[in-house]
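Protein chains in written order, with this note's numbering: chain R, 337 to 636; chain C, 336 to 653.
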């Protein structure tokens, strides 16, 4: 009876549970597309691989073996070995940890700061709002990868600084989208109603405005996970990101590039891993967008 | 229209000022002594404290930060971007040499991504559900997924090493040998363009599909107009508005991507210069190149916004 809003016998409102049915609808819409299911499966597998890396990797990914350098694929080393004799498969498996961690943490930073700035700038407006949004405009003028590269390099490289750099570089897009959302949401009657009841600004912002701006944010977060992983791979490829001997797919592509003619697998394997995870996040993001708010098609 | 253009210009100038501020502050406030911008870390180890202080005074680093900023801005307007520690050359000269390389490849990639993106996206939308739509969608999804630098390596392997169709690295200026330029440009331009091309395709497809549902399109069909007229005059004209906005972001991606692609293909452009400068801690170059690219992005976006206003009166008066 969750569908029926008013109980005809007592003429009072039934307790409805819109969240459950809404969640069911979202899952149904998403599950109707095979490519979304493929994406979800890839993400789940990648997360499991990252968690159980020590159990899955056939060798220690950091252990060099100078007697077995640059081996082609064989039954002993399924994806061969690199110039220091490290097992490529083990390094690809461990690389999932770097990619997922950088992706998730940097998007957490970017989305929290960005949403907070966009929310407050649009809600309070005036000079504060104008200053924040012009700063966001200015930051957006720097190509994302360039900004991340410069910040990471100036901070000194390494995984923490890469996370911070990517986090800052991706903040702007959340602030922009949130700002636009809040501007339209705050005109709603329920906001006026809450204000007339004497609610504080903080309460209105976080209790009423923020939750109603969330759906496009969730879509953006999912899609940007792929961008963050791509950015990490790019920085590591340039040698600014993850310091050796850490396993990062981007730096593995770069290491393998030197031996492209004889052992293309050294570059190809980590690249395919990057593509798989980015593809998965993009497809799930597409599916979420269609399920949550089809009007966003094309804008995100 | 004049008010709209003026308003956008004022905004752009404001953003440009903020950009100079950000570039200045980021380099000055981050860890490390700002004198590193003018002297290499090796010099600092060999020089005496008095000599370093003298250098500090010479470059105005003993003045308050605000004064330093205005001095730096003044230098910028006199085309003085500082001296590279690594190359021992004027940064403006280095940029002058590298800029045409990045711009020629960038403009080519920009054209490729917009022209082919719009064509592919329109065909895909107009033939929705047919095999061609599936092919375009799959390729577009590949394009937004593939790391551009890795695609470069794939292309070098297959088309450079195995098939030997295209050169594996390097750059030939279009002025000296145009065919040679194109021959060298094919692989890097493909990598620079892949992401913007794919997103333009996706954007065009969804926005044409959106437009096709509108009442005025049904009216146009009902009037018995030919398909070509409906597509060119009614669908594209309206459907391409969001695509124009995206093209500004596309250029930003191409310029950012040049950092990676010029490294892969060993092309002596701004991107390679930036990466080398970062690796050798040549901060005056990092500062200048970063600023330069941001300024280009702002100016192109200003142009895009003005075009957008011309195309869509709703924006002008909004």
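All C-beta atoms, glycine included, are put in the ideal place defined by N, C-alpha and C.
>> Quick check: the region 523-534 of chain C against the region 472-486 of chain C, are at least 3 beta-carbon pairs closer than 8 Å?
In response: yes
> Taking Cβ positions only, does residue 464 (chain R) come closer than 8 Å to chain C?
Replying inline: no
> Taking the alpha helix (DSSP H) that residue 442 (chain R) falls in, what are its first and last residues?
Replying inline: 424-460
> If you count every other CB in all the chains shown that lies within 10 Å of the CB of residue 524 (chain R), and 16 or more means buried, which is it?
Replying inline: Counting the other CB atoms within 10 Å of its CB gives residue 524 (chain R) a total below 16, which places it among the exposed residues.
>> In this structure, how does DSSP classify residue 400 (chain R) when only helix, strand and coil are distinguished?
In response: Coil.
>> Let me see if you follow: with CB-CB separation under 8 Å, is residue 618 (chain R) close to chain C or not?
In response: yes
> Which partner residues of residue 417 (chain R) appear in the DSSP bridge assignment?
Replying inline: R:423
>> When you compare the CB positions of residue 405 (chain R) and residue 431 (chain R), do they come within less than 8 Å of one another, or not?
In response: no
> In terms of residues, what are the limits of the alpha helix (DSSP H) holding residue 597 (chain C)?
Replying inline: 576-599
> Any contact of the region 536-552 of chain C with the region 455-463 of chain C, i.e. 3+ C-beta pairs under 8 Å?
Replying inline: yes
> Can you tell me where the alpha helix (DSSP H) with residue 394 (chain R) in it begins and where it stops?
Replying inline: Premise fails: residue 394 (chain R) is in no alpha helix (DSSP H) and is neither H nor E.
> chain C partners of residue 589 (chain R), CB-CB under 8 Å?
Replying inline: 482, 484, 485, 488
> Could you give the distance in angstroms between the alpha-carbon of residue 618 (chain R) and the alpha-carbon of residue 430 (chain C)?
Replying inline: 37 Å
>> I need the DSSP call for residue 425 (chain C), collapsed to helix, strand or coil.
In response: strand
>> Am I right that residue 569 (chain R) and residue 586 (chain R) are in contact with their C-beta atoms under 8 Å? What's the rounded C-beta distance?
In response: 3 Å
> Do residue 600 (chain C) and residue 504 (chain C) have their C-beta atoms within less than 8 Å of each other?
Replying inline: yes
> With a CB to CB cut of under 8 Å and the five nearest residues on each side skipped, what residues in its chain are close to residue 360 (chain R)?
Replying inline: So no residue of the chain qualifies.
> What residues from chain R crowd round residue 598 (chain C), counting only those whose CB sits closer than 7 Å?
Replying inline: Within chain R, the residues placing a beta-carbon under 7 Å from that of residue 598 (chain C) are 574, ordered along the chain.
> Does DSSP classify residue 418 (chain C) as helix, strand or coil?
Replying inline: strand
> Since residue 350 (chain C) meets chain R, which of its residues come closer than 7 Å, beta carbon to beta carbon?
Replying inline: 470, 473, 474, 477
>> Taking its Cβ as the centre, do 16 or more other Cβ atoms sit within 10 Å of residue 585 (chain C), making it buried, or is it exposed?
In response: buried
> Taking Cβ to Cβ, would you say residue 353 (chain C) is nearer than 8 Å to residue 474 (chain R)?
Replying inline: yes
>> Looking at chain R, is there any beta carbon in it that lies within less than 8 Å of the beta carbon of residue 592 (chain C)?
In response: yes
>> So, does the region 445-453 of chain R touch the region 503-514 of chain R, judging by three or more C-beta pairs under 8 Å?
In response: yes
> Can you name the start and end residues of the alpha helix (DSSP H) that residue 568 (chain R) belongs to?
Replying inline: DSSP places residue 568 (chain R) in the uninterrupted alpha helix (DSSP H) bounded by 546-573.
>> Tell me the residue span of the alpha helix (DSSP H) that contains residue 540 (chain C).
In response: 513-547
> Just to confirm, are residue 554 (chain R) and residue 628 (chain R) a CB contact at a threshold of 8 Å?
Replying inline: yes
>> If you follow the alpha helix (DSSP H) that residue 370 (chain R) is in, where does it begin and where does it stop?
In response: 370-387
>> Just to confirm the assignment, what range does the alpha helix (DSSP H) spanning residue 644 (chain C) have?
In response: 618-646
> Nearest to residue 634 (chain C) by CA position, among C:338, C:345, C:336, is which residue?
Replying inline: Taking only the C-alpha atoms, the option nearest residue 634 (chain C) is C:345.
> Under three-state DSSP, which class holds residue 523 (chain R)?
Replying inline: coil
>> Quick check: what's the CA-CA separation for residue 555 (chain C) versus residue 569 (chain C)?
In response: Here the alpha carbon of residue 555 (chain C) sits roughly 8 Å from the alpha carbon of residue 569 (chain C).
>> Against chain C, does residue 595 (chain R) count as a neighbour if the rule is that its beta carbon must be under 8 Å from one of theirs?
In response: So no, residue 595 (chain R) is outside the interface.
> Counting contacts by CB-CB distance shorter than 8 Å, is residue 552 (chain R) in contact with chain C?
Replying inline: no
>> According to DSSP, is residue 585 (chain R) part of a helix, a strand, or is it coil?
In response: Helix.
>> For residue 580 (chain R) and residue 415 (chain R), what's the separation of their Cα atoms in angstroms?
In response: The alpha-carbon atoms of residue 580 (chain R) and residue 415 (chain R) are separated by roughly 20 Å.
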